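Below you'll find the structure, written out as structure tokens, and then a few comments.
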Amino acid sequence: MRKAHTRALALVAGVAALGLLAGCSAPSSPSASATSKKPAVIDVWGWDAEMTPNIVKAFNASHTDVQVNYVLQASNPATVTNFRNVMKSKKGIPCWVPATGPVTTAVVNGWAQDITKYIKPIESKFSAGALAGAKLDGKYYGFPSGPDATFALVNEKVYSDNGIAVPKTWDDLIAAGKQLKPKGITVINLAGEDPSTLIQIEQLAGAKWFAIDGDRWKVNFTDANSLKGADVIQQIVDNDLASHQTYQDRPSLYAYFDSGKLATVPLAWWSLFGYQTNLKASLGTWKAVDFPQLSSSGTFKAPGIANPGIVPVGCKDPAAAVEYQTWVATSAAGIAASKSAKTDAISLPTSLKDVSKYTSAIVPDKLIDPAQSKDQVGAVISKAQSAAIGSFNEGPDYDAWFPELQDQWGKAMAKQITVKQALENVQAFVVQDLKTKGINYTVAK
Amino acid sequence: MSSATKTSEAGPARSATRSTPLPSAGRRPRRRMSWRHVQSLKGASFTWPFVAGFAVFTVLPVLLGLGQSFFTVKSSGLGFSAAQTSFTGFDNFVRALGDETFWASMIRVAIYAAVMVPVTMMVSLTMALLLDAVRRRVANRFRLLLLIPYMIPGIVATMIWLYLYSPNVGPIRPVLALVGLDVNFFAGNMVWVGIGNLVVWGTIGFNMLILYGSLQAVPRDVFEAARVDGASEVRIAFSIKVPYVRGTLVLTGLLSIIGTLQIFAEPTLFRTVSPETITKDFTPTMVIYNQAFQVGNLNYAAALSIILALVVGIASAVIYRLANRVDK
Chain U
10 MRKAHTRALA LVAGVAALGL LAGCSAPSSP SASATSKKPA VIDVWGWDAE
60 MTPNIVKAFN ASHTDVQVNY VLQASNPATV TNFRNVMKSK KGIPCWVPAT
110 GPVTTAVVNG WAQDITKYIK PIESKFSAGA LAGAKLDGKY YGFPSGPDAT
160 FALVNEKVYS DNGIAVPKTW DDLIAAGKQL KPKGITVINL AGEDPSTLIQ
210 IEQLAGAKWF AIDGDRWKVN FTDANSLKGA DVIQQIVDND LASHQTYQDR
260 PSLYAYFDSG KLATVPLAWW SLFGYQTNLK ASLGTWKAVD FPQLSSSGTF
310 KAPGIANPGI VPVGCKDPAA AVEYQTWVAT SAAGIAASKS AKTDAISLPT
360 SLKDVSKYTS AIVPDKLIDP AQSKDQVGAV ISKAQSAAIG SFNEGPDYDA
410 WFPELQDQWG KAMAKQITVK QALENVQAFV VQDLKTKGIN YTVAK
Chain Y
98 MSSATKTSEA GPARSATRST PLPSAGRRPR RRMSWRHVQS LKGASFTWPF
148 VAGFAVFTVL PVLLGLGQSF FTVKSSGLGF SAAQTSFTGF DNFVRALGDE
198 TFWASMIRVA IYAAVMVPVT MMVSLTMALL LDAVRRRVAN RFRLLLLIPY
248 MIPGIVATMI WLYLYSPNVG PIRPVLALVG LDVNFFAGNM VWVGIGNLVV
298 WGTIGFNMLI LYGSLQAVPR DVFEAARVDG ASEVRIAFSI KVPYVRGTLV
348 LTGLLSIIGT LQIFAEPTLF RTVSPETITK DFTPTMVIYN QAFQVGNLNY
398 AAALSIILAL VVGIASAVIY RLANRVDK
């Protein structure tokens, strides 16, 4: 009797549990039609905790068809790791991820969705560089995003006190470094973990580390142009003209920048307020100038790579993602919403054809020498943006080879190897990686 | 009254059924569980929360990783088309066994462990012996103080020490300069020392606590007898206390070895300050992380993880066996 009772109870409990499970997993069909009338809700990822939440808030307030849920990530590397995980699991895929690397790598990894049909109608809003950077094989796999062009800050006082003209070319910079070295001043900081200056000079030199050649990649880290760029860095290292302050130790880095022992700092527009916040003694001694050129003749060029954000494969509403991003990047309301509460500066809309009317609004008050007006600084930034090279193909496996470049760069900065050897080693790594992945390649001779 | 009657009636009836099986039923007699067995099962049931967690968060990932390691993802052409996943058996393991970078990192960390584990154990044991020698009230205060570093997450601890080591703004370099030492912990040849010091600082609290607990369990009358025989406190410590806690030393030593072979957070953060020394492949876990999240080869990373787990397991078993042999 008792057994029968227990069995009956177990049966009821089992049926109830099945019912609950079914309730959890079955689609709620009666409300499906009602749901379709609701605004599309998309997840947007990012690691910016300051400006983007305000942008999202403004977008949501002004739109009824699309609503954005901003998913704040801890950092850029954390975004890459988490994104890789969701793409592997195919669960919780967002509809927008900011640039975490070149669009080529995103396509090769199977992450980037073809959004050509959404971008084509709005192409006229964007600069040619922004469009080129988002395109691969004639299709848009990224949202057009302009490069953050590099210009330079020079410590005006250091140069004037030592009677040295501000360098216009890398040869000038090396010569200036040799003059400053006996006084304990370094002409540039090359952090051991950050090879960005090498890539910038390689871009100026016209290096093409990766190119598509039919159905295969042409890998070329060691051609004449690449070695020309490498030679510039090698001269700086061989002559001990650079400091090697790490970005990991920010207090030390800024203390050094502030000490009057550093002459030139390459940067992009978004670094300006960071320097104003962290520098003290040297505030008002810096001047914005053009990025040094490889040659005094020829067309002015500024380094800068456009890495677009992507609409991931698996996002069910790419139109909504493009609508949101277009509003952010091109509309007056979107640009205004990017204003920082801390600095009162907007985010420079680099994807537009002409950014000149926005550049003076991103110049901080105290950092720059008062002799140089905000408009003059803005003109330097506009010039760099207009002359930004933009394209620099980083191949199908950027995520894999960049850490290797960091390793090799660190060794070159410590004089364990030469910059040329570093490039050769990276090329060998790339070849091995492409071979492992089954991607076709040739090595240029 | 009625229920009591029912109970008394049901009891003998059930026991009769069990003790005298009916031959006509043709079933094997049920064995009654012994009281001791039932008690053991009840006791074991308290471990189910742990067993469940262990199964879900350790056993299952290992099995999934093992499954992943038998596959390989390959692209073709420019790599733009969808990559194909195929079963490749032990290919990833064969590649891993010949991967010089991975084994170099393993040897590097093994050498580091050979230095670090004894140092950590010696410092922890010394701390525990000192605590054991003072009054319990005083010991409790220091015990808490020494445990604080262990409570700090590894990443946070590393950030703190990066600041302390900073050659330009950190306090350590000027202090050492006062005694005529010019030490730059960010220099390539000092990175291991810097990491080692940080790890010792972070782990002695945990080891010390376990050893101290073990020392407290040593019968005090043995010490009294030794003192009566004229033994000094140092002699008591090394001749009585240390042999008593040898088993605990083996346990903490094993935990230290396992932790050291899997070192990740500290070198990853130190990589930026000394990139010429600490490469992306500096330790086995860094190699695995790089393969999984930079190169994007999860299958190969899974194979490397399995191999690392095996190496750690074998190293632990060997050391445990050797320690036990010494004990006998």
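Residue numbers (this note's numbering), protein chains in the order written: chain U, 10 to 454; chain Y, 98 to 425. Ideal Cβ positions, reconstructed from N, Cα and C, are used throughout, including at glycine. Remember, it's a predicted structure, so these values are computed and weren't measured experimentally.
Cβ pair residue i, residue j closer than 7 Å
{"i": "residue 262(Y)", "j": "residue 293(Y)", "result": "no"}
{"i": "residue 151(U)", "j": "residue 319(U)", "result": "yes"}
{"i": "residue 196(U)", "j": "residue 185(U)", "result": "yes"}
{"i": "residue 81(U)", "j": "residue 58(U)", "result": "yes"}
{"i": "residue 295(U)", "j": "residue 162(U)", "result": "yes"}
{"i": "residue 300(U)", "j": "residue 396(U)", "result": "no"}
{"i": "residue 358(Y)", "j": "residue 409(Y)", "result": "yes"}
{"i": "residue 65(U)", "j": "residue 75(U)", "result": "no"}
{"i": "residue 359(U)", "j": "residue 390(U)", "result": "no"}
{"i": "residue 396(Y)", "j": "residue 168(Y)", "result": "yes"}
{"i": "residue 56(U)", "j": "residue 330(U)", "result": "no"}
{"i": "residue 141(U)", "j": "residue 400(U)", "result": "yes"}
{"i": "residue 476(U)", "j": "residue 127(U)", "result": "This structure cannot settle anything about residue 476(U), because the visible part of chain U is limited to 10 through 454."}
{"i": "residue 302(Y)", "j": "residue 244(Y)", "result": "yes"}
{"i": "residue 216(U)", "j": "residue 234(U)", "result": "yes"}
{"i": "residue 60(U)", "j": "residue 347(U)", "result": "yes"}
{"i": "residue 321(U)", "j": "residue 143(U)", "result": "no"}
{"i": "residue 423(U)", "j": "residue 373(Y)", "result": "yes"}
Collapsed DSSP secondary structure at residue i in the structure displayed
{"i": "residue 183(Y)", "result": "strand"}
{"i": "residue 266(U)", "result": "helix"}
{"i": "residue 241(Y)", "result": "helix"}
{"i": "residue 297(U)", "result": "strand"}
{"i": "residue 313(U)", "result": "strand"}
{"i": "residue 159(U)", "result": "coil"}
{"i": "residue 350(Y)", "result": "helix"}
{"i": "residue 105(U)", "result": "strand"}
{"i": "residue 257(U)", "result": "coil"}
{"i": "residue 377(U)", "result": "strand"}
{"i": "residue 376(Y)", "result": "coil"}
{"i": "residue 325(U)", "result": "coil"}
{"i": "residue 236(U)", "result": "helix"}
{"i": "residue 534(U)", "result": "What is shown of chain U runs 10 to 454, which leaves residue 534(U) out entirely."}
{"i": "residue 191(U)", "result": "helix"}
{"i": "residue 319(U)", "result": "strand"}
Rounded straight-line distance, which links the Cα of residue j to that of residue i
{"i": "residue 273(U)", "j": "residue 110(U)", "result": "27 Å"}
{"i": "residue 134(U)", "j": "residue 335(U)", "result": "9 Å"}
{"i": "residue 452(U)", "j": "residue 392(Y)", "result": "20 Å"}
{"i": "residue 328(Y)", "j": "residue 232(Y)", "result": "20 Å"}
{"i": "residue 118(U)", "j": "residue 417(U)", "result": "25 Å"}
{"i": "residue 211(Y)", "j": "residue 447(U)", "result": "40 Å"}
{"i": "residue 84(U)", "j": "residue 94(U)", "result": "15 Å"}
{"i": "residue 305(U)", "j": "residue 211(U)", "result": "17 Å"}
Where residue i meets chain Y, residues with beta-carbon distance less than 7 Å
{"i": "residue 279(U)", "result": "Residues of chain Y passing the Cβ test: none, with the nearest at roughly 20 Å."}
{"i": "residue 255(U)", "result": "369 and 370"}
{"i": "residue 116(U)", "result": "177"}
{"i": "residue 201(U)", "result": "372 and 373"}
{"i": "residue 267(U)", "result": "Under the 7 Å cutoff, chain Y gives no residues; its nearest Cβ is about 11 Å from residue 267(U)."}
Amino acids of chain U, ordered along the chain, whose beta-carbon sits closer than 9 Å to that of residue i
{"i": "residue 377(Y)", "result": "412, 413, 415 and 416"}
Per-residue contacts from residue i into chain Y (C-beta, under 8 Å)
{"i": "residue 425(U)", "result": "373"}
{"i": "residue 409(U)", "result": "391, 392 and 393"}
{"i": "residue 187(U)", "result": "Those within 8 Å of residue 187(U) in chain Y number zero; the least Cβ separation is about 24 Å."}
Within chain U, partners of residue i - CB distance below 8 Å
{"i": "residue 387(Y)", "result": "412"}
{"i": "residue 263(Y)", "result": "258, 260 and 261"}
{"i": "residue 266(Y)", "result": "258, 260, 261 and 264"}
{"i": "residue 259(Y)", "result": "257 and 258"}
7 Å Cβ cut-off: residues of chain U touching residue i
{"i": "residue 180(Y)", "result": "119"}
{"i": "residue 164(Y)", "result": "Those do not exist, as residue 164(Y) stays about 14 Å from chain U at its closest Cβ, beyond 7 Å."}
{"i": "residue 285(Y)", "result": "423"}
Contacts that residue i makes with chain Y (C-beta to C-beta distance below 9 Å)
{"i": "residue 405(U)", "result": "172, 175, 176 and 177"}
{"i": "residue 226(U)", "result": "175 and 176"}
Quick one: complete alpha helix (DSSP H) runs, 4+ long, within the stretch 198 to 231 of chain U?
-> 205 to 214
Going along the chain, which unbroken runs of the alpha helix (DSSP H) with 4 or more residues stay wholly within the stretch 227 to 273 of chain Y?
-> The stretch 227 to 273 of chain Y contains these whole alpha helix (DSSP H) runs: 233 to 248 and 251 to 262.
What alpha helix (DSSP H) runs, 4 residues minimum, are completely inside the stretch 279 to 353 of chain Y?
-> 288 to 313, 317 to 325 and 330 to 333
What are the start and end residues of each continuous alpha helix (DSSP H) run of 4 or more residues lying completely inside the stretch 348 to 422 of chain U, in chain order?
-> 365 to 368, 383 to 395 and 407 to 422
Report the residue ranges of all beta strand (DSSP E) runs contained in full by the stretch 128 to 174 of chain Y; include only those spanning at least 3 residues, in chain order.
-> 168 to 171
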